[in-house]
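Visitor:
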Amino acid sequence: DYYRLRAVFEPALNPKRWKVPGNRAVSLYTDEDHAKAAEIESQAQEMVTARNAKQTEYMDLALAAELEKVDEALREPLEAAYRAAGDKRTAEQKELLAKNPNIGNLNPGVLYQYNQGHADELKKLDAEVAKVRATKPVHEYVRALTKQAKEVDPTFLFYRGDYRQPQHEVKPGGLTVAAPADSPFAIKDNAADAPTTGRRLQYARWLTSGRHPLVARVLVNRFWMHHFGTGIVDTPGEFGKLGSLPTQPEVLDWLADEFMAKGWSLKHLHRVLMTSTVYLQESLRTPEGDQVDGGNQLYSHFPVKRLDAEAIRDSILAVSGKLDRTSFGAPVMVGKDTSGQVIIAGDVQRRSVYLQMKRTEPVALLKAFDAPAMEVNCTQRDSSTVATQSLMMMNSDFILQFASSFATRLNQEAQGKVDSSIIEGLNLVLPENALSNGNPWSYGYGHVNQQVESEIAPVVFTPYPFFGSNTWKGGEKVPDEKLGFSFLNKTSGHTGSLHLSPIRRWTSPIKGKVQIKGNVHHPSDNGDGVRLTLHSSRVGQLGQWSVKHGGQDYDITVDVEPGDTLDAIVDMIDNHTSDSFSNVYKISVLESESKLGWDSEADFHGPLDLSAYELKATIPEQLAYGWQLAYGRLPTTQEVALSLEFIQQQVVLLIESGNESPFEQAMTNYCQALLTSNQFLYME
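With positions in the sequence shown counted from 1, the corresponding number in the numbering used here is that position plus 4.
1) Within the same chain, show all residues whose beta-carbon is closer than 6 Å to that of ARG535, passing over the 5 residues directly before and after it, in chain order.
2) Expressed to the nearest angstrom, what Euclidean distance is found between the alpha-carbon atoms of MET671 and HIS580?
3) Note down, in chain order, each residue of its chain lying with its Cβ closer than 6 Å to the Cβ of SER388, except the 5 sequence neighbours on either side.
4) Which partner residues does GLY555 have in the DSSP bridge list?
5) Give me the Cα-Cα distance between VAL456 and VAL464, rounded to the nearest whole angstrom.
6) Compare the Cα-Cα distances from SER512 to each of GLY165, LYS20, ASN443, HIS230 and report the closest residue.
7) Who are the near neighbours of VAL346 in its chain, counting only those whose CB is closer than 7 Å to its CB and skipping five residues on each side?
8) Since ASN106 is in the alpha helix (DSSP H), which residue starts that stretch and which ends it?
9) Evaluate MET396 with the Cβ neighbour count: other Cβ atoms within 10 Å of its Cβ, from every protein chain shown; 16 or more gives buried, anything less gives exposed.
10) What does DSSP give as the partner residues of VAL146 in its beta bridges?
11) Mind listing, in chain order, the continuous alpha helix (DSSP H) runs of no fewer than 4 residues lying wholly within the segment 257-335?
12) In whole angstroms, what separates the C-alpha of ALA190 from that of PHE243?
13) Since I believe ALA621 is in contact with GLN419 (beta carbons under 8 Å), could you give me their beta-carbon distance rounded to a whole number of angstroms?
14) Counting pairs of Cβ atoms below 8 Å between the segment 403-416 and the segment 662-676, do you hit three or more?
15) Would you grab the beta carbon distance between GLU83 and LEU65 for me? Rounded to a whole angstrom, and I think it's under 8 Å.
16) Give me, in chain order, the residues of the same chain whose beta-carbon lies closer than 8 Å to that of ASN561; leave out the 5 immediate sequence neighbours on both sides.
17) Beta-carbon separation of VAL505 and ILE573 under 7 Å?
18) Are the Cβ atoms of LEU179 and GLN171 separated by less than 7 Å?
19) Does the count of Cβ pairs from the segment 73-82 and the segment 95-104 closer than 8 Å reach three?
20) Compute the Euclidean distance between the alpha carbons of ASN109 and ASP351, then round it to the nearest angstrom.
21) Please list the terminal residues of the continuous beta strand (DSSP E) segment that includes GLN171.
22) What number of angstroms, rounded off, separates the C-alpha of LEU32 from the C-alpha of TYR145?
23) Relative to the C-alpha of LEU571, which candidate in ILE591, ARG137, ASN56 has its C-alpha closest?
24) Nearest by alpha-carbon distance to THR239: which of HIS231, VAL222, GLU254 is it?
25) Out of PHE306, HIS274, GLY478, which has the shortest C-alpha to C-alpha gap to TYR686?
26) What residues in its chain sit with their C-beta under 8 Å from that of LEU218, if we drop five residues either side in the sequence?
27) From HIS274, SER541, TYR449, pick the residue whose C-alpha is nearest to that of PHE489; which is it?
28) How would you label ASP568, buried or exposed, when you count the other beta carbons within 10 angstroms and need 16 or more for buried?
29) Pick out the complete alpha helix (DSSP H) segments inside the segment 154-230, 4 residues or longer, and give them in chain order.
30) Cα-Cα, which of HIS553, ASN453, GLY601, GLY554 is closest to SER541?
31) Between LEU370 and ALA313, what straight-line distance do the alpha-carbon atoms span, to the nearest angstrom?
32) Let me make sure I understand the geometry here. Which of SER596, GLN59, ALA185 has the alpha-carbon closest to that of GLU125?
33) Let me know the secondary structure DSSP gives TRP631 once reduced to three states.
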């Protein structure tokens with residue numbers, strides 16, 4: 005039987021005329037494609053000719069400009085030497101060009117060194133040519149199994165499987181063990197003038213003729229398995245003695261007969277399965293059902309089934325609005341990120357069926373959710389529940405990126421998409437800084453104004469107008485005409501005159517007690533040192549330290565409310581000669597489990613884009629629409645209310661932690677929670 009089957013495929017898979025898979029590629033380019041490509045290439049060649057003429061013009065201009073720089077007596081011989089072909093130049097010409105490298109080394113590749121504008125113009129022309137050539141029909145190939153020669157080598161039975169000991173010839177046919185004893189399937193030779201042996205075609209027709217006992221049963225069992233989690237035969241790759249018996253053989257036979265009767269229509273088979281009572285029933289277990297059908301072999305309830313790895317990825321992309329539904333074409337390449345995880349290369353988010361599959365580099369997300377290894381044929385997937393899946397859904401860049409895209413989609417599309425009765429009476433009033441919380445750190449100059457009659461002397465604070473070389477200062481140059489030497493960078497700075505002292509300001513986003521702990525240092529042997537003042541807008545001066553040619557640690561605690569400012573002001577003592585200093589400190593929240601904190605060095609920044617997040621739909625609308633997209637059903641009013649409570653708690657926490665856009669981040673967290681929930685990941 006093995007050799008009969010081998011004879012079916014041997015004309016195409018002949019060991020004596022073997023082809024590696026790469027050599028089996030067949031071009032799909034049609035005559036129309038060739039004609040279209042030739043037409044486009046002709047257009048591109050015209051553009052290339054014009055581009056080359058322009059390059060010649062620019063090279064002549066560059067040569068003329070360089071010749072103007074040398075003695076007039078050398079111009080003519082230099083030009084002749086330059087224009088002579090390399091292998092035709094005389095020794096004198098080579099020596100002359102070597103002594104004048106600006107001319108000797110002049111070539112199109114270094115034109116930018118002579119005239120950047122001309123070089124940029126040529127680049128634009130190259131880009132236009134490439135754009136035209138990119139419109140050619142894509143040349144695609146398919147790997148096909150084809151007969152390679154008209155002569156067919158006979159298939160021999162090998163004695164004990166040893167190819168060096170061929171026995172008698174074996175004719176092609178089907179498995180006799182699975183055929184009636186009086187009528188085994190045998191393949192007849194085609195006519196001598198036929199282009200191929202026709203063996204594979206005859207074998208395929210026999211498999212789909214309805215007379216084969218297994219083909220239809222195996223196929224419908226596979227589809228049943230994909231819809232219900234397990235097959236009627238629990239070993240989809242083994243219907244023999246080593247496999248399991250069917251749990252409902254009558255159903256298997258009826259489905260196989262229906263499948264063949266409807267012309268082997270996969271669409272019809274899917275429709276039959278998905279409109280059946282078994283498929284449409286609930287997944288909830290009942291005591292009565294468990295008593296009779298504890299293992300659910302009789303399908304007393306719909307079996308809960310987790311989505312396959314590819315379906316999980318595609319579903320996340322679909323609800324986020326980022327799924328590229330383009331069909332066919334080349335595979336999407338994979339690569340590794342900075343942490344070594346295998347991810348999708350680039351920003352092309354096509355369906356997972358189009359992803360490149362590398363045995364040694366499986367995509368991290370798919371691997372975590374039990375995508376099969378590519379080394380062996382996979383007849384049935386395992387479905388595990390392991391910690392790496394939770395970690396992937398919480399921390400992977402893929403999930404975080406598309407949770408954010410999901411949140412953006414809700415804000416843009418939710419208006420008018422939700423039944424108003426569900427969200428009636430629900431609302432959430434956001435704090436003022438929920439849409440744009442800003443950054444707690446700001447940098448400027450000023451002083452404590454002791455002349456104001458107030459219980460707490462205010463700080464006159466003016467932001468630095470210029471940021472350059474990782475430094476806040478008065479202008480591009482130091483000293484500045486207005487602010488002099490006053491500046492601040494990540495760890496250090498320099499004092500200005502009396503009212504131009506550098507100030508590092510922290511604006512509190514929280515309510516509570518904080519600790520300010522750091523070190524101020526004056527490195528120079530010269531001058532009279534510097535003075536650090538910590539000032540609270542609520543309390544006033546918290547402490548003051550003077551240092552000269554040395555440093556001092558400080559440690560202060562203070563109660564703060566949202567909006568309070570803590571200023572670290574470094575000023576001169578009597579003069580600001582040699583008043584460079586360093587001042588690095590950390591602000592930590594005390595009596596809190598969050599371990600929240602800020603670092604003056606690590607948090608240092610330049611200008612920020614703090615544009616406010618714009619609400620385009622009400623918050624209840626966005627939350628309810630998120631349920632509709634993620635779960636395919638309307639939420640209840642209670643579910644929307646619980647979602648509002650979640651958002652409110654998240655916004656408060658994010659404001660306290662200094663997040664720049666608390667509501668936007670809260671919606672991203674909400675969307676991530678939807679995408680990682682069991683209701684999203686499982687079919688029920």
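Ideal placement from N, C-alpha and C gives every residue a C-beta, glycine not left out. In this text the structure is predicted, and so the values were computed from the model without any measurement.
Guide: Looking at the atomic coordinates:
1) SER550, ASP575, ILE577
2) 50 Å
3) ASP374
4) HIS525
5) Each residue's Cα considered, the two are about 11 Å apart.
6) ASN443
7) Counting only Cβ-Cβ distances below 7 Å, and skipping sequence neighbours, we find VAL338, LYS340, GLU365, PRO366, VAL367, ALA368.
8) 105-108
9) Under the 10 Å beta carbon count, MET396 is surrounded by 16 or more other beta carbons and is classified as buried.
10) VAL30
11) As far as the segment 257-335 is concerned, its whole alpha helix (DSSP H) runs of at least 4 residues are 270-278, 281-284, 291-296, 313-324.
12) C-alpha of ALA190 to C-alpha of PHE243: approximately 23 Å in a straight line.
13) 4 Å
14) yes
15) Their Cβ separation, rounded to whole angstroms, is 13 Å, which puts GLU83 and LEU65 out of contact at 8 Å.
16) For clarity, residue 561 is Thr in the given sequence; the question names Asn instead. Hits under 8 Å: LYS517, VAL518, GLN519, ILE520, LEU594.
17) Inspection of the sequence shows that residue 505 is occupied by Ser rather than by Val. It is a contact, given that the beta carbons lie within the stated cut-off.
18) no
19) With the cut-off at 8 Å, the segment 73-82 and the segment 95-104 touch.
20) 41 Å
21) 170-173
22) Straight through space, the alpha carbons of TYR145 and LEU32 are spaced by roughly 5 Å.
23) It is Asp, not Leu, that sits at residue 571 in the sequence shown. Comparing Cα-Cα distances from ASP571 to each of ILE591, ARG137, ASN56, the minimum goes to ILE591.
24) Of the residues HIS231, VAL222, GLU254, the one whose Cα lies closest to the Cα of THR239 is VAL222.
25) Ranking the options by Cα distance to TYR686, first place goes to PHE306.
26) Cβ neighbours of LEU218 beyond the five flanking positions: ALA182, PHE243.
27) TYR449
28) buried
29) 203-211
30) ASN453
31) Between the alpha carbons of LEU370 and ALA313 lies a gap of roughly 5 Å.
32) GLN59
33) helix
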